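Shown next, in C-alpha cells, is the structure this report addresses.
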Amino acid sequence: MVLDSDPVVFINWLRPALFFFLQAAAVLGLVALVGGFLLAAFRYGPALGGDATYRMLKTALSDLVSLSPRRIGALARLAVQESLRRRVLVGFGVFLLILLFAGWFLDTKSYDPATLYLSFVLTATTYLVLLMALFLSAFSLPADIKNKTIYTIVTKPVRPGEIVLGRILGFSLIGTVLLAVMGLFSYFFVVRVLNHTHEVDIASLKSTPGDTEGGRSGRTTLAQNHRHQVTLDADGNGSTDIAQGHWHEVDKHVEGDKTTYVLGPPQDLLTARVPAYGKLRFKDRAGRGVDKGINVGNEWKYRSFVEGGTLATAIWTFEDITPERYPEGLPVEMTIRVFRSYKGEIEQGIRGVIVLKNPTNGRTSELKTFTAKDFSTDHMKIGRKLSDKDGNPIDLFDQLAPSGELELWLQCIDENQYFGVAQADVYLRARNASFGMNFVKSYLGIWVQMLLVTSFGVMFSTFLSGAVAMMATLASLVLGFFTKFVFEVAQGTVQGGGPLESFIRIVKQQNVTLQMEPGLSTDVVKGADAVFMFFMQSVTSLLPDFRQFSTVDYVAHGFDIPADVVGVQFISGLGYMAAVFAIGYLFLRTREVAR
Amino acid sequence: MNQRARFIRKIVYVCIIAALLLPLSWLSQPETSESKGGLLAQMRKDNQLSQANLGEIDPASETIKLATLGMRGVAANILWEKANYYKKVEDWASYSAALEQITKLQPNFVSVWIFQGWNLSYNISVEFDDYRDRYYWVIKGIDFLKEGTKYNTNEPRLMSDIGWTIAQKIGRADEHVQFRRLFREDDDFNGSRPLAQRDNWLVGREWLTAAEQVVDKGVALKGESPLLFHTHPAMCLINYCEALEEEGTFGEVAKNAWKKAADAWTELANRDLPTVYNFTIRLNEKEFFQQRSEQAQAELNRLTPPGSREKIAAEKLAALSEKEREAHDTPAEQLTAEQRTIRYEVDQKLAVGHLELADRVTGEDHAEALKAAEEASQADFIANAIESERGIVNFDYWLLRCQVEPNDDTLAARKLIYDGDKAFLSVQLPQAKANYAQGFDRWRQVLDTHPKLLEDPNLTDELVDSITHYQGVLHQLDETFPQPFLLQDVVDKDAIFHGPRLGPLSAKPTDAEKPVAEPAKPAVETPK
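Keeping their order, the protein sequence lines are chains W and D. When you line the first sequence up against our numbering, it's residues 78 to 672, in that order. When you line the second sequence up against our numbering, it's residues 419 to 946, in that order.
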C-alpha cells in the first residue's frame, strides 16, 4: 500500500489540532461578534446595537446550557419521520441495484480483484450516503419555513439550538441505519464474490525439477478467471503460488485407493495485516548516508532505487522488537520494485540480500539472499536463532535488538540492476486483525463523513433556501474532496496561475508553461488572483478534508486501519460538527421565525 | 403571481415542449418493414452507425451510457485522466478497471481499444520483472482488443492489431522464447486449439487474415497502408518458418512451412493493391510492365530517325547554364554540396524522355510514335511504382528466401549449423567442429546457387556468429583456422554491414567466445 507520509500518531496530532481548533474558533467567534455588533449598530445605533449583541450572546449561552435531550430527541424523531416520508429508502434500493449489477461493470479478470471490489463497494457507499445526507439535510428546514410548518414547532417551547441539533441527529440516525445495512450487504457481497476454490489438475502434476525428495508441481483448474501453480511436497501437501493477490493451501486426502487434493479458502485475500513500519534511510553506492536513493527516470518519485553490486543500501530502523511481540521470529514482508538496466537472464529474477544489524554495536546477522518479486508481496520469516557473519550463533532479540531497536539492511546483488523501495514497502507483520472489524472501521470513516455533510446541510439550510443550501453543501463537499489541489492552487504551486489567470488561459487556449504578457492587464489579473487565492486559502483551511476520512485504501489493500487514524477521524469530525452547529444556531437565531 | 397567470405560464411551457418534441419525433422515427423511418434512422443506416450494425449490444454498456445522462464524453475524459494517473502510480488493478469503464461508456470509439490494448501489451507488460507477469499483461492487452471486436465486428484495424500483437509481441519480444513457450501451454487462451497449431505466428495470422476478409468485403481500411496490411499475413508464415528453425525444427515440417509461406507470398504478389498513385497494382507485374515498356521503346526507336536521341542530348547539354555545365563536368568526388544538388537537377534535365523523342518523328509516323512513347512512359511509371512498393516490403528478398529455404540443401545447411551451435554451447567441441564444417560446405553450395543471399545482413550476421564459434572451437582443439576460409565472402560482406567482427585467427578466444561463462560472484559487502 502506498503511504505518502509517516503514519499519524493520535497523541502527536491532538495537541496542535486542538490548538488550531481553539484558534480558529476564537477568530471566527470574534469576527461573528464584531460583525454582529456592527450590523446591529448600523440598524439601531451603537448603544442599542451593543445591547442587542450582549443579549444575543447571553441568550446563546443560556440556550447552550439549557439544551434539553428530551426535546432534541423529539425533534430528531420528527426528522426521522420526515426522512421516511421523503422516501429515503429509495437510496437503499439504488444501492441494492448497484450491488446486483456490479459484476456487469467491474473487471472480472482484474489483476487484484479484492482491491477492486472493496474499493468499489466502499466508494459506492460513500457517494450514495453522502448524496442522500445532502438532499435530506439541505431541503428540510427551508421547506418547513416555506410551508410555514416551522411555526408548529417554534411556537412550542423549543430553542433554535435544539431545532438545529434535532435535525442533525435525526438525519444522522437515519443515515446511520442505512449505512449499517449497506455495510452488511457490502460485506456479504464482497465475501461471496471473492470466495472460491480450485481443484488440482491431476494430469498436470509432474516431478518438481531439482527436487530429489519426490515433490511434484502442476497447476489448478480455472476459477474466477485465474489459476495457480501448485507445489506439493513428497507427502502431497503444499501450497499454490500467488495469483490475483492470494494463494491457497493444498492438502492431500486419501480414501481407499483414491487420492484427492483439496484446496483451502483463498489466503491473504480478505485480510487486515497489522504492519510495524520502520524508518527508512539510504546509503549511496560508496556507502555514504543519503536522503534518497537513485531516480531511475520514473515520473512518480514515491520509490527510491539502490544500485546492485555496490554498497548502496536501503536501511529500515524498527522499534519495539521484543520476543513478546514476535514470539515466532520476525515476519518480514516486502514489496520491492525491480529496475533492470540490461535484460540479463530473463528467467532469473534479480537477487538481493537482507542483513539484520544491531544499531548500537554494529553486530550483524549472516546474509539472507532472496529473489525479488516485482509488484508482489514477498513473505520472509526470520527465526530467533541466527548466525552472525562469521557463522557464530546469535539470538535475534538478545544480540541484535537488546534495546528493542533493530536495523534491516537491504541490498541488490546483481550489478547494474536496481531495487526500488519506499518506507512502507518493508514492514514487520506484527499480527493479523479481523477483516470484518477493519471493514467496520472503514464504514466508521464513511459515517463521520455522513455526519459532516448532514451538519453542513442543516447549517446552510438555516439561512439559505433549499436549492442554494444544497449547492453550498455540495460545494463544501467537492472542496473537501479536492482540498489539497485547491490549497496548492491558492498557494500558487500549481502551474497556470490563479483562477482568473487559468480562466484567461483556457479562453485563449494558452499553454500553462507560457508566461503571461507583461503589462497592466497581467498585473490586474495577478492582483485579482492574489485576493482570490487568499480567500481560497482561508476557506480551504477551515473546511474539512474529506479524503482524510476515507480509509478505502487500507481495507482494499488488506491493511488494518490503525486506531490512531480512527481517533483522528472522530475528533476531527466532532470538532467540525461542533463548529458547524454553532454557526447554524447563530444563523437560525437571527431569523424571525426562531425568535 | 395569481393562480391564473401561473396556469397560463405552465400551458405555454407545455406547448413549447410539444412543439420541440414533434419535429424530433418525426426525425427519429424508427425503421419498420413498411417505412424507412425518420431522417436520423436513415442516416444511421446509411453510415452503418446503429449499434446492431457496429457490434454486440451490451446491456451493461447501454446502462452506463444512460446513467451518465448524455455526459459520457465528459465521464470518459475523466476516466482517461484517471487511467493515466493510475499508470503513473503503478496501480494496475485500478488502471484496468478504468479502461473497462471507458470502453463501456464509449464502446465504438475504436482508437481507445487500439491505444489502450497497445498500452497493456507493450507498455504495462514491461513494467513487470517476471516474464510470466509480462506474458499475463500481453495476453490481457490481446483480450482487451478481442473484447473490442465484440462491439465493433467490422473493424479491420482491431482485428489487425490483435493479429499483430499475438504475432509480433509474442514472437519478437526479448522474451520471445519464454513467451512462445507460455503461449503454447496457455489452455485458457487457446481453448481447444490443437497443440501443433498453438504457434503465435499462426494464430496471429488467423486474425490478420480475418481482418483482410473484412476489408475484401468492402469495409474501408483507415489509418494503415494497404500494402503493409496485406503483407502481414504472409510475413507471419515466413516468421513462423524462421521461428521453427530457431527452435530446431527442420526436415519436412520446415519444408512444408516454407512452401506455404511461398504460396502466401505469391498470393500477396497477385493481389490488387491500392496505391497512393490512384491506381491499383500487383507486386508481381513489375516485369510485365518493364517488358511492355521495352516493346514500346523498341517501336519508338524504329520510328525515330537515327541519332535523334543523341541530338536531343547534345541540345540539352548546350542549353545548360555555366554553373550547370561546371557541375556536370566536375568529377563526382570533387563536387561541392551545392554542385551536387545542381548535378542532380542537370541529370534530370539531360535525360531524354520518350515523348521528346517522339516529337522528333515527323510525317505519318508521328502519331504512332507518340502512342508508343505514351505507352512506354506509362509502363515505366507503373513499373517504378511497383518497384517502389516492392522496396517497402523487401519483396524480392522474401521471394528469394521463400524459393531458397524449402530446398534440401538450405535446410540441411541450416540444421548442421544449428547442431553445431548446440554442440558448441554444450561444449562438445569435436561434434561442433564436424557440424560447422559440414554446415559451411552446404552453405557454400547454397550461396553459389543463390549469390543474392549474400545481400542479406541477417544471414551474414548469423553465419559470422557461427564462424566465430567455429574459430573458438578450432582454437580450443589447438587447430588452425582454415585459410582461405570457405565462406570468406560472407565474412567480407558482413564486415561491410556490421564492421569487422571476426577476431584475429591465431588469437586465443575471448571471454565471450568461451562456451561456458563463470557465474558472477555477488559484489555486495556485508554491512559493517
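Don't be surprised by glycine CBs; every beta carbon is placed ideally from N, CA and C. Note that this is a predicted model, so its numbers are computed, not measured.
query, result
"Within 7 Å of chain W by C-beta, residues of the segment 737 to 753 of chain D in sequence order", "none"
"Chain-ordered neighbours of W:Glu424 on chain C, where CB pairs are closer than 8 Å", "As a matter of chain content, chain C is missing from the structure shown, whose protein chains are W and D."
"Buried or exposed by the 16-neighbour rule on C-beta atoms within 10 Å, applied to D:Lys558", "buried"
"Residue span of the beta strand (DSSP E) that contains W:Asn509, given as start and end", "503 to 510"
"Nearest-angstrom Cβ-Cβ length linking W:Phe266 and W:Val198, presumed shorter than 8 Å", "6 Å"
"Alpha-carbon spacing of D:Phe903 relative to D:Lys851, whole angstroms", "14 Å"
"Helix, strand or coil at W:Met411 [DSSP, three-state]", "strand"
"With 16 other Cβ atoms within 10 Å as the buried cut-off, status of W:Thr203", "buried"
"Partner residues on chain D for W:Val383, Cβ-Cβ distance less than 7 Å", "Within 7 Å Cβ-Cβ: nothing; W:Val383 doesn't reach chain D, min ~11 Å."
"Residue range of the unbroken alpha helix (DSSP H) whose run includes D:Lys558", "549 to 569"
"Collapsed DSSP secondary structure at W:Gly243 in the structure displayed", "helix"
"Element boundaries [alpha helix (DSSP H), containing D:Leu613]", "Counting along the chain, D:Leu613 falls outside any alpha helix (DSSP H), and DSSP gives it neither H nor E."
"Other residues of its chain near W:Gln56: CB distance less than 6 Å, five sequence neighbours each side excluded", "Lying outside 78 to 672, the shown extent of chain W, residue 56 of chain W is not represented and no answer is given."
"Contacts around D:Ala925, its chain only, beta-carbon distance under 6 Å, and the 5 residues preceding and following it disregarded", "Summary for D:Ala925: the model assigns pLDDT 43, below 50, so the residue's position carries little reliability; its value from the coordinates is reported in the next sentence. Nothing listed; no residue qualifies."
"Cβ separation of D:Leu905 and D:Thr898, assumed to be a contact under 8 Å, to the nearest whole Å", "About 16 Å separates the two Cβ atoms, so there is no contact after all."
"Interface flag, D:Asp592 vs chain W, CB-CB below 7 Å", "yes"
"Helix, strand or coil at D:Pro940 [DSSP, three-state]", "Unreliable placement is indicated for D:Pro940, whose pLDDT of 39 sits below 50; the coordinate value is still reported in the next sentence. Reduced to three states, the DSSP call for D:Pro940 is coil."
"Any chain D beta carbon closer than 7 Å to W:Met654", "no"
"Simplified DSSP assignment, three categories, for W:Tyr403", "coil"
"CB contact check: W:Asn89 to chain D, cutoff 7 Å", "no"
"D:Leu847 - containing alpha helix (DSSP H), residue span", "847 to 867"
"Residue range of the alpha helix (DSSP H) that includes D:Ala511", "510 to 523"
"DSSP bridge partner residues for W:Gly429 (one or two, in chain order)", "W:Phe447, W:Cys489"
"D:Ala578 classed as buried or exposed, judged by whether at least 16 other C-beta atoms fall within 10 angstroms", "Looking at the sequence provided, one finds Ser at residue 578 of chain D rather than Ala. Counting Cβ neighbours within 10 Å, D:Ser578 comes out buried, since at least 16 surround it."
"According to DSSP, residues forming a beta bridge with W:Glu276", "W:Val339"
"Same chain, Cβ closer than 8 Å to W:Arg120, neighbours up to 5 away in sequence not counted", "Gly126"
"Per-residue DSSP class, three states only, for W:Gly295", "strand"
"Uninterrupted alpha helix (DSSP H) stretches inside the segment 772 to 814 of chain D (no shorter than 4 residues)", "772 to 777, 784 to 810"
"For W:Gly673, three-class secondary structure by DSSP", "No statement about residue 673 of chain W is possible, as the shown extent of chain W runs from 78 to 672 and does not include it."
"W:Ala193: contacting residues in chain D (beta-carbon distance under 7 Å)", "First, the residue type needs correcting, since residue 193 of chain W is Leu and not Ala in the sequence shown. The answer, in chain order, is Ala511, Ala515."
"CB contact below 7 Å: D:Phe546 versus chain W", "yes"
"Neighbour flag for W:Tyr188 against chain D, beta carbons, 7 Å", "yes"
"Residues bridged to D:Leu698 (per DSSP)", "The sequence given here places Thr at residue 698 of chain D; Leu does not occur at that position. Note: D:Thr698 sits in a beta bridge opposite D:Pro692."
"Cutoff 6 Å; reference W:Thr412; Cβ partners in own chain excluding five residues on either side", "Thr454, Asp502"
"Backbone CA spacing between W:Gly370 and W:Gln500 [nearest angstrom]", "12 Å"
"Cutoff 6 Å; reference D:Gln894; Cβ partners in own chain excluding five residues on either side", "Leu847"
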